[in-house]
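Data first, discussion second: the structure below is written as structure tokens.
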Amino acid sequence: MSSEATATPGAATDHVDELDVAPEVAAAAAPDREIAVEVGDNIVEVKNLTVKFGGLVALDDVSFTIKRGEILGLIGPNGAGKTTCFNAMTGVYKPTSGDVLLEGKSIKGRKQHSITRLGLARTFQNIRLFGEMTALENVVVGLDARHRTSVVGALLRLPRHIREEKTAIDRGMALLEFVGIASHAGVLARHLPYGFQRRLEIARALATDPKVLCLDEPAAGFNPAEKEELMALIRTIRADGYTVLLIEHDMKLVMGVTDRIVVLEFGRKLADDTPTVIRNDPRVIAAYLGEPEDDVA
Ligand SMILES: Nc1ncnc2c1ncn2[C@@H]1O[C@H](COP(=O)(O)OP(=O)(O)OP(=O)(O)O)[C@@H](O)[C@H]1O
Ligand SMILES: [Mg+2]
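For the sequence shown, the positions run 0 to 296 when numbering that gives the first Met the number 0 is used.
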């Protein structure tokens, strides 16, 4: 199945009217999953989030919400605090102050795996895969968190374990197919072409059955055609009932795929609005013109 086949045309609306449910990944990866139908309520609330590294305030009292079913862009110049925000949201860093609520539940004091179980999954700016495992195994690891079989049962290969293993492999394959790399299921992750590694990271995050998928520069290092394909995949993921938080440097791409954009600069929130408004915001333009590196397209 090609990702473009189910991409939502013209997904970059200024607001989310309704969720175009195409439960493909959901059905494959999590048959029991309840697809979100209440679109527009706040699924994530980032409240006064502050992260300090010694004297450096990497994130300074940042608040924003993510609405259910939307693709929210998180942009800003290098060092603005985007990855730090992801890290604080997903339990990699403990916030200095502030909180993040997922469906009203605080992530405070929770470890990474517990936040993943709450429904917040992420990919990394610097790809983190199990290089010595195959693509399929990398995805099955994510699905494994859902298994109910005990370790003893697994060792003895009791019938339920064998059944779950088969289901996990089927679901893993379906996810690989969804992200377009099923043909490489048996290839070691470190031998995969770079673009396939990026897609595998997304499949692995989806395997944890998230409600919100946070993507940290998933198209970094891609050529324009590859970027377009990836954005089509992200639209399909959203159409499948997921909420997406997307960090991406390429302004043209971000404007084309997101419903709303939060702009960070020097750890502070500079703007929070629709792509059209953000594009014409003089403060945003100034922030980007101030960029020393020319990686803003
Ligand atoms: N673990 C850390 N220890 C100390 N400083 C850090 C750490 N992580 C990030 N920083 C600093 O926090 C600031 C924000 O970094 P962050 O990685 O969040 O930026 P970013 O917006 O993701 O940038 P980029 O677009 O380059 O990925 C930077 O000044 C960075 O050097
Ligand atoms: Mg970053």
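All residues carry an ideal CB built from backbone N, CA and C; glycine is no exception. All of these numbers come straight from a predicted model, not from anything done at the bench.
Distance between H112 and A286 (C-alpha atoms, nearest Å): Along the sequence shown, one-based indexing puts residue 286 at 287. Along the sequence shown, one-based indexing puts residue 112 at 113. In a straight line, the C-alpha of A286 is about 35 Å away from that of H112.
Cut-off 7 Å between Cβ atoms - residues of its own chain near N137, not counting five sequence neighbours on either side: In the sequence shown, the residue the question calls residue 137 occupies position 138. L128, F129, A188, L199, R203, listed in sequence order.
For T64, the first and last residue of its enclosing beta strand (DSSP E): On the sequence shown, residue 64 is found 65 positions in, with the first residue counted as 1. Here the beta strand (DSSP E) through T64 covers 55 to 66.
Rounded C-alpha distance that separates L263 from T64: Here the question's residue 263 lines up with position 264 in the sequence shown. Here the question's residue 64 lines up with position 65 in the sequence shown. Each residue's Cα considered, the two are about 14 Å apart.
Alpha-carbon spacing of I284 relative to V276, whole angstroms: By 1-based counting over the sequence shown, the position of residue 284 is 285. By 1-based counting over the sequence shown, the position of residue 276 is 277. The alpha-carbon atoms of I284 and V276 are separated by roughly 11 Å.
Proximity of P209 and A120 at Cβ, strictly below 7 Å: Counted from its first residue, the sequence shown places residue 209 at position 210. Counted from its first residue, the sequence shown places residue 120 at position 121. Contact flag set, yes.
Classification of G220 by the beta-carbon crowding that lies within 10 angstroms, buried from 16 upward: Residue 220 sits at position 221 when you count from the first residue of the sequence shown. That one is exposed.
V256 vs D271 beta-carbon contact at 7 Å: As a first step, residue 256 is located in the sequence shown; it is residue number 257 there, counting from the start. As a first step, residue 271 is located in the sequence shown; it is residue number 272 there, counting from the start. Not closer than 7 Å, so no.
Buried versus exposed, by CB contacts within 10 Å (16 or more), H183: Working through the sequence shown from its first residue, we reach residue 183 at position 184. Buried, by the Cβ-count rule.
Bridge partner(s) assigned by DSSP for V243: Against the sequence shown, residue 243 aligns to sequence position 244. Looking at the DSSP assignment, V243 forms a beta bridge with I70, L212.
Local conformation of R127 per DSSP, three classes: Taking the first residue of the sequence shown as position 1, residue 127 is located at position 128. Note: R127 maps to coil in three-state DSSP.
One or two residues paired with R121 in a DSSP bridge: Translated into positions along the sequence shown, residue 121 becomes position 122. C213, per the DSSP bridge assignment.
For L101, the nearest candidate out of F177, P192, L117 (CA to CA): To locate residue 101, count along the sequence shown from 1; it is residue 102. Here the closest residue by C-alpha is L117.
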